[in-house]
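Here's the structure we're looking at; comments come further down.
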Amino acid sequence: MRGLFWVVMGILFFGVSCSKNKPKTLFKTISSNHSGITFVNQLTPTPELNILNYLYYYNGAGVVAGDFNNDGLQDLYFTSNQGADKLYLNQGDFRFKDITNISGIDNISGWTTGATHIDINHDGLLDIYICKVGGYRELEGKNLLFINQGIDGDGVPSFIEEASKYNLDYSGFSTKAAFFDYDLDGDLDMYLLNHSVNPNRSYGRGSKRESFDKQSGDILFRNSGGYFEDVSQDAGIFQGTIGYGLGLSISDINSDGYPDIYVGNDFFENDYLYLNQGDGTFKELISESQNRLGHTSHYSMGNDIADINNDGLTDIVSLDMLPENLESYKTSGLEYPYPIYQQYLKNGFAPQFMQNTLHLNANGDNFSEIAHMSGINATEWSWGALLQDFDNDGLKDVFISNGIRGATNDMDFISFIANEKIQKQLEGGMTKKEMAFITEIPEKKVPNYFYKNNGDLTFSDVTQSWLTKEGSFSNGCAYVDLDNDGDLDIVVNNVDQEAYVLENTLDKSSKNHSLQIRLQGARQNPNGIGVKAIAYTKQGTIAVENFVSKGYLSAVPHTVHLGIGKDSILDSLKIVWPNGKYQVLPNIKSGNLKLKIGNANKDFYTQNPTQIPRMFNAWDSIINFRHKEQQTLDFDRDPLVPFSHSNEGPCISIADVNNDKLEDIFISGAKLQPSKLFFQQKNGTFSQAQAEVFDEDKISEDISHIFFDADNDQDLDLLVVSGGNEFLTGSALQPRLYLNTKGMLTRDTVQFKDIQINASKVVAEDIDNDGDQDICIVSNQVAGKFGDTPKQYIFTNDGHGAFSDITKSFASELASYGNIKDMLWKDLDQNGFPDLIVAGHWTPITIFLNDGKQLKKQQNNGLEHTNGWWNTIEMADLDQDGDLDILAGNWGLNTKFRATKEQPITLYRSDFDENGSIETLVTHYHGSKETAFASKDELAKQMPILNKKFLRYKDFAKATIQELFGRQKLENAQKKHVTLLTTSYFENDGKGSFSMKELPKIVQASSINDIFINDIDGDGHLDALLVGNNFEISTQLGRLDALHGLYLKNDGNGNLLWKENLNISGAARKIEQLTIKGKPHFVVTRNNDFPVFLVKN
1 MRGLFWVVMG ILFFGVSCSK NKPKTLFKTI SSNHSGITFV NQLTPTPELN
51 ILNYLYYYNG AGVVAGDFNN DGLQDLYFTS NQGADKLYLN QGDFRFKDIT
101 NISGIDNISG WTTGATHIDI NHDGLLDIYI CKVGGYRELE GKNLLFINQG
151 IDGDGVPSFI EEASKYNLDY SGFSTKAAFF DYDLDGDLDM YLLNHSVNPN
201 RSYGRGSKRE SFDKQSGDIL FRNSGGYFED VSQDAGIFQG TIGYGLGLSI
251 SDINSDGYPD IYVGNDFFEN DYLYLNQGDG TFKELISESQ NRLGHTSHYS
301 MGNDIADINN DGLTDIVSLD MLPENLESYK TSGLEYPYPI YQQYLKNGFA
351 PQFMQNTLHL NANGDNFSEI AHMSGINATE WSWGALLQDF DNDGLKDVFI
401 SNGIRGATND MDFISFIANE KIQKQLEGGM TKKEMAFITE IPEKKVPNYF
451 YKNNGDLTFS DVTQSWLTKE GSFSNGCAYV DLDNDGDLDI VVNNVDQEAY
501 VLENTLDKSS KNHSLQIRLQ GARQNPNGIG VKAIAYTKQG TIAVENFVSK
551 GYLSAVPHTV HLGIGKDSIL DSLKIVWPNG KYQVLPNIKS GNLKLKIGNA
601 NKDFYTQNPT QIPRMFNAWD SIINFRHKEQ QTLDFDRDPL VPFSHSNEGP
651 CISIADVNND KLEDIFISGA KLQPSKLFFQ QKNGTFSQAQ AEVFDEDKIS
701 EDISHIFFDA DNDQDLDLLV VSGGNEFLTG SALQPRLYLN TKGMLTRDTV
751 QFKDIQINAS KVVAEDIDND GDQDICIVSN QVAGKFGDTP KQYIFTNDGH
801 GAFSDITKSF ASELASYGNI KDMLWKDLDQ NGFPDLIVAG HWTPITIFLN
851 DGKQLKKQQN NGLEHTNGWW NTIEMADLDQ DGDLDILAGN WGLNTKFRAT
901 KEQPITLYRS DFDENGSIET LVTHYHGSKE TAFASKDELA KQMPILNKKF
951 LRYKDFAKAT IQELFGRQKL ENAQKKHVTL LTTSYFENDG KGSFSMKELP
1001 KIVQASSIND IFINDIDGDG HLDALLVGNN FEISTQLGRL DALHGLYLKN
1051 DGNGNLLWKE NLNISGAARK IEQLTIKGKP HFVVTRNNDF PVFLVKN
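Note that the sequence shown covers residues 1 to 1097 in UniProt numbering.
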């Protein structure tokens, strides 16, 4: 007995010790024993209704937070898919009372989805609007509106259902509703988000969105004196059968005072961004242009909108189901192969990829999708996003609800259920026997996520320090200050599990403050829906909007919460009401504040112009040229490559060709498109010249060109090189020299006739100081052989335009050095001879010093481990210390790829399956594990043996690359590495060594393809203009489309700071300066598009 006593005491002591040592998290889960909230969204599948015959059976339900009895405490309303909704009254101290039955709430039948609150009859009492699914299979029902009848002596509100009175008793496939004043007439209108129930078998054409479906099409209701009328068609709202609406957010995206609408659609249909035109109509931006937002999430779930970088513009987060866990990722259905994706675009759909998206608002019209760079791209099967300041530091953080009871995209389950015999059984109608198939679906019971805003466009995963990790099937969620302590708590509706009440335990020791604002608006909008609050602090500006439909199927209180950081007193607070009237309050203390619209005057939008003065204006093309790229075939030929090499152009060269003192333009065409020469006229227009000369060689894809005086006759000749991975050999890969005779160009047929090169760049430079221009032509790719090492060339000029190949004698180290995308010649060692600086794919930035006799690679200069996917390189004295620094454009950080010396991206080239052909295998590190980036299906298409060795996706997901491809074959393969992906600024120390210097984070949001360095603003310091993007990328990586051109200003100390975007959308390739009518302009070329001209204001 004595021994047993000590065993028991030891266990008790161990338990107490563990409890004491358990780290404190920011959020604490309140148990139902304390809170009294025992609500469970319990699902009970039947043969008549289950995940195999209702595709949104596992999508969960919502939660509404609002003060329904006006006692100053926020109450909670939970919707239940199949059971009874519940209304809980807040009693204080995180204790709640279930008043559902005594309040008159009765919603127990049918299928319920989302809910929100509104004071629809302007009596000072919150009402509840509930969305339901009706008219599908055995489901019947209409949307409900419970009108608050008042509060009894015990503080209990009572409700009566009156949706039909307001024409809001809609019956269809409803998801969620949002009330807001879209026409600014003073009352609240409503957007009703609905969803299709059609299985996702064929995506058809995007034009289906313009059709009408009364059950699945969204509806915009205009409030006409308390009666809500459908104005969707007149307003320009899509109502087609392909709308799978799951996410809905309202915000004034473009800061014009009119609220806009963002809709997240599941499956293949585009998301919708409706910009309010101010005349009762909306313009849908995504279907209008593929470049304004770039790509969106593919299987869009919930979304939210808030200003994440405190620039006064609201940004958009949309959730998807990209797994963070590698095994889960490899067993999940991934993106379509690129050839199918191309067809998808042709059918009228916008680019979409399976990932969370964060669209950083550039100017209300253009957006940069930066989720990968920001670190929030992959959070498993995600539903609700909440963007709010949970630690009151003045920056919006992110909460994400997660998990699903049955992951129907599991590839092993898809293989199982696709069995022909099983499909016949299901088509005949389900019985209890067929219900057993559902047990084959794996569940994803995963934790919810918290991300802390770092203030630099990135977020840190703080899930473990902010919340005790616990797997759940979490869906609807809302933030709410349940205990009125100035920080935001969170409530979550779970499937098959009690709802979460998460108390925010932020204490005074954090020294962060907050402000809670209660609004008293106009009579028809008493709670100030649509108000903007702008706080001015010593650290900057913080802005929030008062829209309550948030958090996937859910709603938050109409109290405005502002985390304001260390300052307990704001410099000032500006409140902008929906009618444009505003008020400014100086020296506002943190805590609670109540404001009335009657104290507002003046018009915010006339006195505070939303258009910020800009350095540049973008013009449409003033030359008659549109680059017309051929369909990309790289992924048909080799599905395992990460990106294409056949979409490199167009290049542009500026020169006075006809010697009339006006600068002319030569721009290169794609395959089967001739390059064009344009002569500038005195009036600033451009006319095409000598079309027949270049039409003869239109088969070539011209990649680079240079005007130079080849034959020393004092005029400018033209050398054009081609490539683009379109041809393996042949005349289409021969450099072409055009000699200039009095402004007329004639093709030379002798020079370079024995040279065939899949070229990337040509430069003319007097490398031997003999007074004439020599030629260097480099290549980044052996045509048709991804990553193989091409040959590089240097040609000496005899002074009369005859060129000889001297690569072997003058540049033996360069000849087969590696892949080179860009180069420049600068005299770095000041010996009088220009040195060669090169950058390309798989190779480090490299300097070859020129002693006049040969090029020798410079050693130990700090650039040894800079292997990248470099696209461009420039040098200039950015810090004005007398030497040349490097600014080089790379792949960036906005895909799942990361690379270091210790964990590189690796290219393996080998005949892995011994079928006589070389396979391309590209790997990267996911955490600490090296893994192929391509999917199992893509790999097995090239190496069918993989399907024999690893029939199940689960087995494939667990295998190492050594087990998949063979340790010996990997060791013997041709290998290349990438160790650095960031666009980089390398500072020259003046002693032959370079060190990296930080650039603004936004620079890493996409690939940088060209850089222009000059004193842009005339302050005596060198600034930089950057352009980029690349669209032809493996669908497993997404699309690099976040860049709209960047102007980086030099602060005078050699630091480059993000000044503004250039408003250039699309895949920009080159930027050059030219003078038009005596005024400097910039021209930016875009792949498969018109060039854009920039003029300084």
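Built from N, CA and C at the ideal position, the CB exists for glycine as well.
Could you have a look at residue i and say whether DSSP puts it in helix, strand or coil?
i	result
residue 522	coil
residue 577	coil
residue 810	helix
residue 296	strand
residue 1077	coil
residue 196	coil
residue 603	strand
residue 431	coil
residue 1021	coil
residue 466	helix
Using the Cα positions of residue i and residue j, report the straight-line distance between them to the nearest angstrom.
i	j	result
residue 873	residue 693	32 Å
residue 997	residue 886	10 Å
residue 45	residue 51	8 Å
residue 635	residue 553	40 Å
residue 408	residue 323	14 Å
residue 361	residue 317	11 Å
residue 522	residue 542	25 Å
residue 682	residue 817	47 Å
residue 188	residue 230	14 Å
residue 310	residue 977	38 Å
residue 196	residue 173	7 Å
residue 999	residue 879	14 Å
residue 298	residue 124	41 Å
residue 335	residue 319	16 Å
residue 97	residue 444	32 Å
residue 477	residue 62	7 Å
residue 417	residue 435	12 Å
Using the beta-carbon count (16 or more within 10 Å), is residue i buried or exposed?
i	result
residue 794	buried
residue 1128	For the chain, the structure presents residues 1 to 1097; residue 1128 sits outside this window and is missing.
residue 834	buried
residue 241	buried
residue 238	buried
residue 866	buried
residue 586	exposed
residue 1095	exposed
residue 341	buried
residue 691	exposed
residue 467	buried
residue 433	exposed
residue 824	buried
How many whole angstroms separate the CB atoms of residue i and residue j, which I take to be in contact at a CB cut-off of 8 Å?
i	j	result
residue 144	residue 132	7 Å
Take residue i and list the residues in its own chain whose beta-carbon comes closer than 8 Å to its own, dropping the five residues that flank it on each side.
i	result
residue 1037	642, 643, 895, 896, 897, 933
residue 110	132, 133, 134, 139, 140, 141
residue 861	847, 992, 993, 994
Within its chain, find whatever has a CB closer than 6 Å to the CB of residue i; leave out the 5 residues flanking it on each side and keep chain order.
i	result
residue 520	596
residue 1088	627, 629
residue 204	none
residue 39	78, 86, 499
For residue i, which residues from the same chain have a beta carbon less than 7 Å from its beta carbon, with the 5 sequence-adjacent residues on both sides left out?
i	result
residue 972	910
residue 536	570, 571, 572
residue 327	957, 958
residue 857	813, 846, 848
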